[in-house]
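A.B. asks:
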Amino acid sequence: MAPFALEGIHVLDFTWVAVGPITTKYLADNGADVIKIESATHIDVLRAAPPYADGRFGVNRSQFFADYNTSKKGVTLNLNHPKARELARRLVPWADVVVENFTPKVMRAWELDYEHLCRIKPDIIMLSSCLQGQTGPQASMPGFGQLMAALSGFYYISGYGDGDPAPPYGAYTDYITPRFAAAVLLAALDYRRRTGQGQFIDISQYEASLHFLAPALIDYFATGRVLKAQANRSERYAPHGAYRCRDEAGAERWISIAVGSDKQWQGLLEVLGNPPCDTRFATMLGRLQNFDALDGFVAAQVKDREVWELTAALQMAGVAAYPVQSCLDLHQDDNLEAFGFWNWLEHKEMGPAPYMGLAHRLSATPGQLRWAAPTLGQHTDEVLREMLGLSAEEIEQLRKDSALI
Amino acid sequence: MGCELLKGFRMLDLADDKGATCGKIFADMGAEVIKVEPLGGCPTRRIPPFLNDRPGPDTSLYFLAYQAGKRSVTLNLECADGRRLLTELVRKADFLVESYPLGYLESLGLGYQALAAVNPRLIQASITPFGDRGPGKDYHAADITIWAAGGNMYLMGEEGRPPLQISLPQAGLHAGAEAAAALMIAHYPRQSTGCGQHIVVDMQACIVWTLMNAQAFPIMHGASMTRNGVFSGALRLKRKMVFRCADGHISMLLTGGAAAASVKALVEWMDEKGFAADWMKRQNWSVWAPGVISAATDQEVEQIKDIEERVERFFMTMTKREIYAGGLKRRILLSPVNTVAEIAADEQLAAREFFVPVRHDIDGAVTLTFPGAFAKLSATPLASPAPAPRLGQHNQEVWGGLLGLSARELSMLRASGII
């Protein structure tokens, strides 16, 4: 078997919820040893968030948590207890990287902030990712990605432009930041290998996410123009949108279509049986300038078509099209299947389930979801015994002292 | 200022809007990123809107934003000299990112195998809409169709109206950032083995990763989430997540449990102004999380309706700014639905000096304001944004300086339509 790309990297992982765990998951699935520190006294909120295996709640039953914490070991340390903090400090020399995404005061209170970690291990790399960054008046703002996705502008530019916004589902920005965080963390590791120099990385979820809004921000600063929600209107493609097809099994089916040239437009018309249409639609400019009328035309033409049949025909005709897929559809999608996206893993308590795989594949050292997420404290004894050399009696005593919950 | 992090590493960027962020992230981290553009320019130069609504090869705001800090050379790959020059460039490169249709570069003899033969250290990322193996591997795609294929579109919009994409297309931005992470993963072992490899990025899969785990609901709970406008949350239970206020909207998590202190603080604030109901003042919010642990009771459904209505009436008495300030003071989990104008004026971003001026030369000198570093690094600060290149701006420097072509050769290549 090929070795993993990141074998030998040691990660001490204090993260919770989404941004932190997804960042360390990039490392864990690629072979890094990741020890996730959690506590029942301050549970990772995703452990208490649906979906649950068989729809039944339990701290070890959330797929939300499971999907983001594969290939990691789980240790419970009650870091409000001095003995637990001491154990955490004893793990620091082992670590190349420490990652956390609490509000900034938390690690300081535990004396596990960068300054303290450096005293134990001067070349440590620490990445902290809170909502708004480690400094500034709003540094301590608590909250989840729903708030950040609104704060950073994505909710405002989502909708039909005629009323309330229609935001992306939930904590959208939680899924932007980890890609940046993983890239920069690995660059910092390589830099340390070349120079011996560790460092502290402060990644604000707000700031990283704003890079996905950059053209609109530059535009505003230059001209004062404020980007608004504009449904599926485009200045590049027409038609461009989602169009309802024939219902299947009582469920709505929609197809997404984007046409960016006369040739593609001719292809679309042929697939639709060359129906008579407005002469204004004959040119690209005409289509772009009569976007809404064109939208109505396409909608009327596709309403009785079967969505996959229409997709295949449009693709044959050179037109970008794909069904608007529900979450159930994703599990039956031939392209995701062929990429090997769904990974069935056996979880100690949840049993087998399809996990989201990596969105990329390396040819020589491919990553792998090595094992399902740890149950709460699953590896506590193992880590304390094997890595810190604690005896069964010592562990027992720590447990009695409530240091290991 | 350059960044020391990846100083000395070189990336060839042959990606369009399916992966422009990849090279941008590498440029930010200090790598030398060379955009290899067709003679007509990278398609991202044509993405609207344009600066001051003046379309031109150097005024696409998308291009300015995501090609910032890169160099530009022009090259016609569809001729023998062009292929040879790319191969020569690959010899001197560490990374390559591309997003051509599957098989296009292979058809020119420039596929990964051919390039790795001249430079075994090369790490190449190929960004593909639907992967390299499935029935859709050659599918035509646009950002919106990938957004739809990956499941995000289905969850956006109002019932009875079409599903939506975000009004600034996002799929390509995700794919580029994913490619950057994947390239850095492959870079790590190369530093000891000297061996490069080929990476395939699947854009559809990148979008599935934005679904906040909604993808697991049909498996675990037997049903898919649907689009619900400003409502979201637990299955079969509509929870409002965006509330109206005097001048716009507020996003708020209105549930107890882990967020009990937040709801309690909100209710106290509402009570000060006479908007709280009696039951809300008596409620133990640490156990009020309808639909999270188990299905909501009839009483909880009534309570949801009541509190959501009251909160909205309360918020209608204030502006976004007032509510955000009050929320921060009381540690309530809420935030304003910001416009870019409000983001531009945000005091937190100002305190961190996030936005930075960048001098450009586009029909004369003009200073544009850019989002700054995506992270703050203590030892190797990321590079300050630099202007995006004009088409072929670095032809002389790269073809002449790096590959050692003579002025005469450059003239002949230009005359022949190769650079």
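Residue numbers (the numbering used here), protein chains in the order written: chain R, 1 to 405; chain U, 1 to 419. Think of the CB as a built atom: it goes at the ideal place given N, C-alpha and C, for glycine as much as any other residue.
Among R:A40, R:N232, R:I157, which has the Cα closest to the Cα of P215 (chain R)?
C.D. replies: Considering only alpha carbons, the answer is R:I157.
A.B. asks: Would DSSP call T21 (chain U) helix, strand or coil?
C.D. replies: Helix at T21 (chain U).
A.B. asks: Under the DSSP definition of a beta bridge, which residues are partnered with Q124 (chain U)?
C.D. replies: Answer is U:L96, U:H198, bridged to Q124 (chain U).
A.B. asks: Considering only residues of the segment 215-280 of chain R, which uninterrupted beta strand (DSSP E) runs meet the minimum length of 3 residues and lie entirely inside it, listed in chain order?
C.D. replies: As far as the segment 215-280 of chain R is concerned, its whole beta strand (DSSP E) runs of at least 3 residues are 240-244, 254-258.
A.B. asks: Taking the DSSP output, what are the residues bridged to Q199 (chain R)?
C.D. replies: Answer by DSSP bridge pairing, in chain order: R:I125.
A.B. asks: Taking DSSP as the reference, what is the three-state secondary structure of V184 (chain R)?
C.D. replies: In the structure shown, V184 (chain R) sits in a helix (DSSP, three-state: H, G or I).
A.B. asks: Return the Cβ separation of T15 (chain R) and E86 (chain R) in integer angstroms, given the expectation that the two are a contact with Cβ distance under 8 Å.
C.D. replies: Not really, about 21 Å apart at Cβ, beyond 8 Å.
A.B. asks: Going by beta-carbon coordinates alone, are N119 (chain U) and R91 (chain U) separated by less than 7 Å?
C.D. replies: In contact: N119 (chain U) and R91 (chain U) (Cβ atoms closer than 7 Å).
A.B. asks: Can a CB atom of chain U be found closer than 7 Å to the CB of E309 (chain R)?
C.D. replies: By this cut-off, E309 (chain R) is not an interface position.
A.B. asks: Which whole-angstrom value describes the C-beta separation of N343 (chain R) and G357 (chain R), a residue pair presumed to lie in contact below a C-beta threshold of 8 Å?
C.D. replies: Their Cβ separation, rounded to whole angstroms, is 5 Å, which keeps N343 (chain R) and G357 (chain R) in contact under 8 Å.
A.B. asks: Rounded to a whole number of angstroms, what is the C-alpha to C-alpha distance between E290 (chain R) and P239 (chain R)?
C.D. replies: One detail in the question is off: residue 290 (chain R) reads as Asn in this sequence, not Glu. Computed Cα separation, rounded: 10 Å.
A.B. asks: Give the interface partners of I405 (chain R) over in chain U, defined as CB-CB distance under 9 Å, in chain order.
C.D. replies: Ordered by position in chain U, no residue passes the 9 Å Cβ test against I405 (chain R), which lies about 17 Å from the chain.
A.B. asks: Please state if the CB of I199 (chain U) and the CB of R114 (chain U) are separated by a distance shorter than 7 Å.
C.D. replies: Here residue 114 (chain U) is Ala; the residue named in the question, Arg, does not match the sequence. No, Cβ-Cβ distance for A114 (chain U) and I199 (chain U) is not below 7 Å.
A.B. asks: If you compare alpha carbons, which of U:E98, U:R190, U:A214 is closest to Y154 (chain U)?
C.D. replies: Nearest C-alpha to Y154 (chain U): U:A214.
A.B. asks: Assign S107 (chain U) to one of three DSSP states: helix, strand, or coil.
C.D. replies: DSSP places S107 (chain U) in helix when its eight states are reduced to three.
A.B. asks: Is it the case that the Cβ atoms of K25 (chain R) and P374 (chain R) are separated by a distance below 7 Å?
C.D. replies: Not closer than 7 Å, so no.
A.B. asks: List the residues of chain R whose Cβ lies closer than 7 Å to the Cβ of L6 (chain U), in chain order.
C.D. replies: Neighbours of L6 (chain U) on chain R, chain order: A187.
A.B. asks: Would you call the CB atoms of A259 (chain U) and L253 (chain U) closer than 7 Å?
C.D. replies: Result yes, Cβ atoms of A259 (chain U) and L253 (chain U) sit closer than 7 Å.
A.B. asks: Exposed or buried, which one is L147 (chain R) when buried takes at least 16 other CB atoms within 10 Å?
C.D. replies: Looking at its Cβ environment, which holds 16 or more other Cβ atoms inside 10 Å, L147 (chain R) is buried.
A.B. asks: I'd like the ranges of any beta strand (DSSP E) spanning at least 3 consecutive residues and lying wholly in the segment 4-81 of chain R.
C.D. replies: If we require 3 residues or more, the beta strand (DSSP E) runs fully inside the segment 4-81 of chain R come out as 10-13, 33-38, 73-76.
A.B. asks: L407 (chain R) to H10 (chain R), Cα distance in whole Å?
C.D. replies: No answer is possible for residue 407 (chain R): it lies beyond the span of chain R, which begins at 1 and ends at 405.
A.B. asks: Can you name, in chain order, every residue of its own chain whose Cβ lies under 8 Å from the Cβ of E270 (chain R), other than the five neighbours on each side?
C.D. replies: These residues qualify, in order along the chain: A317.
A.B. asks: Would E178 (chain U) be called buried (16 or more neighbouring beta carbons within 10 Å of its own) or exposed?
C.D. replies: Result: buried.
A.B. asks: In terms of alpha-carbon separation, which member of R:P137, R:H360, R:K83 lies closest to L398 (chain R)?
C.D. replies: Ranking R:P137, R:H360, R:K83 by Cα distance to L398 (chain R) puts R:K83 first.
A.B. asks: Could you spell out where the beta strand (DSSP E) holding L352 (chain R) opens and where it closes?
C.D. replies: As written in the sequence, residue 352 (chain R) is Pro, which differs from the Leu given in the question. Segment 351-356, the beta strand (DSSP E) holding P352 (chain R).
A.B. asks: Taking 8 Å as the cut-off, does the segment 175-185 of chain R touch the segment 360-367 of chain U (at least 3 CB pairs, one atom from each stretch)?
C.D. replies: Not touching, per the Cβ criterion.
A.B. asks: Between the segment 385-402 of chain U and the segment 69-84 of chain U, do three or more beta carbon pairs fall short of 8 Å?
C.D. replies: With the cut-off at 8 Å, the segment 385-402 of chain U and the segment 69-84 of chain U touch.
A.B. asks: 7 Å is my cut-off, CB to CB: does V45 (chain R) come that close to chain U?
C.D. replies: Yes, its Cβ sits closer than 7 Å to a Cβ of chain U.
A.B. asks: Alpha carbon to alpha carbon, how far is D143 (chain U) from F374 (chain U)? Give it in angstroms, no decimals.
C.D. replies: Going by the C-alpha atoms only, they are around 23 Å apart.
A.B. asks: Return the Cβ separation of G420 (chain R) and Y237 (chain R) in integer angstroms, given the expectation that the two are a contact with Cβ distance under 8 Å.
C.D. replies: Since the first residue shown for chain R is 1 and the last is 405, residue 420 (chain R) is missing from the structure and cannot be characterised.
A.B. asks: At 7 Å on the CB atoms, spell out the chain R contacts of D361 (chain U), in chain order.
C.D. replies: Neighbours of D361 (chain U) on chain R: none; closest Cβ ~15 Å, over 7 Å.
A.B. asks: Looking at A359 (chain R) and C206 (chain U), is the spacing between their C-beta atoms short of 7 Å?
C.D. replies: Taking 7 Å as the Cβ cut-off, C206 (chain U) and A359 (chain R) qualify as a contacting pair.
A.B. asks: List the residues of chain R that L64 (chain U) touches, going by C-beta distances under 7 Å, in chain order.
C.D. replies: Result: I218.
A.B. asks: Can you tell which of U:T193, U:R414, U:S378, U:F50 has the C-alpha that lies nearest to the C-alpha of C118 (chain R)?
C.D. replies: Residue U:S378 is the option with its Cα nearest to C118 (chain R).
A.B. asks: Can you find the residues in the same chain that come closer than 6 Å, C-beta to C-beta, to E312 (chain U), ignoring five residues on each side of it along the sequence?
C.D. replies: Excluding residues within five positions, the ones whose Cβ falls inside 6 Å are F243, R244.
A.B. asks: Going along the chain, which residues of its own chain have a beta-carbon closer than 8 Å to the beta-carbon of G273 (chain R), five neighbours each way excluded?
C.D. replies: Result list for G273 (chain R): empty, nothing under 8 Å.
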